[in-house]
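Read in order, the letters of the sequence shown correspond to residues 8 to 123 in this note's numbering. Yeah, the Cβ is synthetic: ideal placement off N, Cα and C, and Gly gets one too.
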Amino acid sequence: MEISEANVQSLIDKVSVLKKEIKKVIVGQDVVIEEMLVALLAGGHCLLEGVPGLAKTLMVRTLSQALDLSFRRIQFTPDLMPSDIVGTEILEEDHITGKRFFKFNKGPLFANIVLA
8 MEISEANVQS LIDKVSVLKK EIKKVIVGQD VVIEEMLVAL LAGGHCLLEG VPGLAKTLMV
68 RTLSQALDLS FRRIQFTPDL MPSDIVGTEI LEEDHITGKR FFKFNKGPLF ANIVLA
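Right, here's the structure in full:
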């Protein structure tokens, strides 16, 4: 794809609209929002650290809603198992035929945006 001034301006406009949508919910975190969007557009990861109550979860959830992406959160507890993250296969039975089969239930890792 050729990069033109119109393409760049279109991207700038879309990012600006996205920022405005996020700022309707998140107040006073302009730098964090900017850096989070840079990480997203660069195809990277973003590490948000802070004490409880700084709206980290709300910020990520708002970003995913603004982009219409799926969002899941993983709470790390001492009893967390790998299947709690990636999912697990469940044995199910078809009530009509009586046939049994395995169905994979996806874990939170399969979401577009994962907060861990």
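Given this structure, state the Cα-to-Cα distance separating residue i from residue j, to the nearest angstrom.
i, j, result
"C53", "P85", "24 Å"
"G50", "M43", "11 Å"
"E41", "K26", "8 Å"
"I33", "R79", "19 Å"
"N14", "K21", "11 Å"
"A62", "G94", "27 Å"
"I10", "P115", "36 Å"
"V67", "F83", "17 Å"
For residue i, decide whether its Cβ has a neighbour in chain C, counting only Cβ atoms nearer than 9 Å.
i, result
"S71", "You won't find chain C in this structure, because it holds only one protein chain."
Please determine, among the options, the residue with the shortest C-alpha to C-alpha distance to residue i.
i, options, result
"L47", "T64, G60 and L70", "L70"
"S23", "N119, E56, G60 and A73", "A73"
"Q36", "G57, R107, D20 and A118", "G57"
"S90", "K106, F78 and F117", "F117"
"V45", "E100, E9, N119 and I19", "I19"
"I81", "E9, K63 and A123", "A123"
Here's the rule: buried if 16 or more other CB atoms are within 10 angstroms of the residue's CB, otherwise exposed. What is residue i?
i, result
"I29", "buried"
"I103", "exposed"
"M88", "exposed"
Below 8 Å on the Cβ atoms is my contact criterion, and I expect residue i with residue j to pass it. Report the Cβ-Cβ distance as a whole number of Å.
i, j, result
"N6", "I97", "Residue numbering for the chain in the displayed model covers 8 to 123; residue 6 lies beyond these limits and cannot be assessed."
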